[in-house]
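Under UniProt numbering, the first residue of the sequence shown carries the number 1, and numbering increases by one thereafter. Notes for the one structure printed next.
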Amino acid sequence: MQPLVGIIMGSMSDWETMRHAAQTLDELDVPFETHIVSAHRTPDLLFEYAASAEERGIEVIIAGAGGAAHLPGMTAAKTVLPVLGVPVESHALRGLDSLLSIVQMPAGVPVGTLAIGRAGAINAAILAAAILGNRYPHIRAALRRFREQQTQRVLLSPDPREQ
Ligand code: RP5
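Have a look at this one:
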């Protein structure tokens with residue numbers, strides 16, 4: 001199926017976090033592609049990827065990076081597609097550097113910034129599905145099911161000692 005979401009990340013080392021976005025998109029029936037695209041190691045590839053994403057049919061980009069995490073912002077600079085940024089947890093500063101690098105975009109070029117690490121990766125996928133749900137009823141229905149299932153999981157096992 002034609003991918004609607006592009007998941008990109010700055011390094012193979014980001015996959016441990018970003019695989020949660022991929023897994024969640026799978027659960028939500030959203031077709032996606034995954035690529036390692038580094039803003040500082042492969043800047044030309046990044047420009048090419050971001051500039052061509054729209055004409056290739058991509059509708060949302062999820063970009064994960066750690067440290068001086070300029071990948072989401074540079075991607076947003078080269079496309080008008082919505083870009084969702086996932087701050088990957090860094091060793092030195094536990095992802096606070098990644099978060100601030102991604103969230104503090106100057107006015108005019110937004111990056112929708114999620115939480116640090118796994119939660120951010122999962123929520124980026126859910127948010128991508130919410131955006132796509134405006135146009136694709138089957139994705140909106142999958143998102144409704146996903147939310148209902150997690151509600152039921154809590155309601156069916158309310159006692160933490162019985163988990
Ligand atoms: C960033 O530098 C990547 O997004 C990654 O989070 C971080 C470390 O990369 P590696 O040195 O592990 O390749 O570009």
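We treat Cβ as the ideally placed atom computed from N, Cα and C, and that holds for glycine. None of these values were measured; they are calculated from a predicted model.
> In angstroms, rounded to a whole number, what distance separates the CA positions of Arg135 and Arg144?
Replying inline: 15 Å
> Do Met74 and the ligand RP5 come close, with the Cβ less than 8 Å from some heavy atom?
Replying inline: no
> Considering only residues of the same chain and omitting the five flanking positions on each side of Thr34, which have a CB-CB separation below 7 Å?
Replying inline: Ile7, Ala22
> Cβ-heavy atom distance between Arg41 and the ligand RP5 below 8 Å?
Replying inline: yes
> Less than 9 Å separating the beta-carbons of Val5 and Ile62?
Replying inline: yes
> Taking the Cβ atom as the reference point for each residue, do Val111 and Gly95 lie within a distance shorter than 9 Å?
Replying inline: no
>> Between which residues of its own chain and Thr79 is the CB-CB distance below 8 Å, once the five residues before and five after are set aside?
In response: Ala50, Ala51, Ala53, Glu54, Ile61
>> Is the beta carbon of Gly64 closer than 9 Å to that of Ala129?
In response: no
> With DSSP run on the structure shown, which of helix, strand or coil describes Ala68?
Replying inline: coil
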